[in-house]
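In our numbering, the protein residues as written are 2 to 270. A virtual CB, placed ideally from N, CA and C, is assigned to each residue, including glycine. Have a look at the structure below before the remarks.
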């Protein structure tokens, strides 16, 4: 089985998959048409498959006692695409901006090659197309509860992620952790709004929110060993609707990313 040559043969087909998925993105846990497309491709390849967790798909190739799993995520992000590409997103406000369209296309291509060489596989390869990677609770936890890692139980799960900064044609690997554990964080600061000409009669939640943003950044240097990777970022701030009125509340969103579970727990506290 010449894998490199097999990939070259189906290269254009994988591009078709990727561009179809890119043009038809769906948000987390809403990937019904995406799942339908994946199942249609697997059906055409003669690969046994089923829907799991409403919008997830699992396929099986091979026979035997041993099993490994290959995993790709399938959901898109709530972002408006402005690339102007011929296969630009048709769904307003939704875009495959994180590469899940490529991940899915790569796994579909892998599935075709493995199916064509099924008689050479010593065991079972489980294909996992996971929904909801971009939203908490993650789709992985939901599929696990639905039994995705059972019957058969894989000895290892392999996944990958594209990296635009890497040179074309290269694969990057590393020992140890590669991807951080992400936490979504939400803050709401509540106070007493009122007219901007009477600040002494109000609680200025705008200033409070601003001070909180600055303080949160300092927590990285104050509460983390500098040799441990980790970050805390405020990524959104919303409050107020008029130039002469203090709002009653300000909402903020952000992310905590960590490799060290002890530090993560400390930051939660």
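>> Spatial neighbours of residue 153 within its chain, please: C-beta separation below 6 Å, excluding the five flanking residues on both sides.
In response: 68, 125
>> By DSSP's criteria, residue 183 is part of a beta bridge. Which residues make up the other side?
In response: 258
>> What ranges does the alpha helix (DSSP H) occupy inside the stretch 114–143, keeping only unbroken runs of at least 4 residues that lie completely in it?
In response: none
> Going by DSSP, what residues sit across from residue 247 in a beta bridge?
Replying inline: 195
> How is the alpha helix (DSSP H) around residue 36 delimited, first residue to last?
Replying inline: 33–45
>> Am I right that residue 206 and residue 190 are in contact with their C-beta atoms under 8 Å? What's the rounded C-beta distance?
In response: 5 Å
> With a Cβ-Cβ cutoff of 7 Å, do residue 112 and residue 48 count as a contact?
Replying inline: yes
>> Please state whether the Cβ-Cβ distance between residue 73 and residue 130 is less than 7 Å.
In response: yes
> Terminal residues of the continuous alpha helix (DSSP H) containing residue 14?
Replying inline: 4–24
> With burial defined as no fewer than 16 other Cβ atoms inside 10 Å of the residue's Cβ, what is the status of residue 79: buried or exposed?
Replying inline: exposed
> Counting along the chain, where does the beta strand (DSSP E) carrying residue 73 start and finish?
Replying inline: 68–74
>> Taking 7 Å as the threshold (C-beta atoms), are residue 109 and residue 62 in contact?
In response: no
> DSSP on residue 208, reduced to helix/strand/coil?
Replying inline: helix
>> Excluding the 5 residues flanking residue 194 on each side, which residues of the same chain have their C-beta closer than 7 Å to its C-beta?
In response: 203, 246, 247, 248, 249
> Per DSSP, residue 96 is paired with what?
Replying inline: 78
>> Could you compute how far the alpha carbon of residue 188 sits from the alpha carbon of residue 270?
In response: 14 Å
>> On the CB-based measure, 16 or more other CB atoms within 10 Å of its CB, does residue 216 come out buried or exposed?
In response: exposed
> Under 7 Å between the Cβ atoms of residue 75 and residue 32?
Replying inline: yes
>> In whole angstroms, give me the CA-to-CA distance for residue 136 and residue 254.
In response: 14 Å
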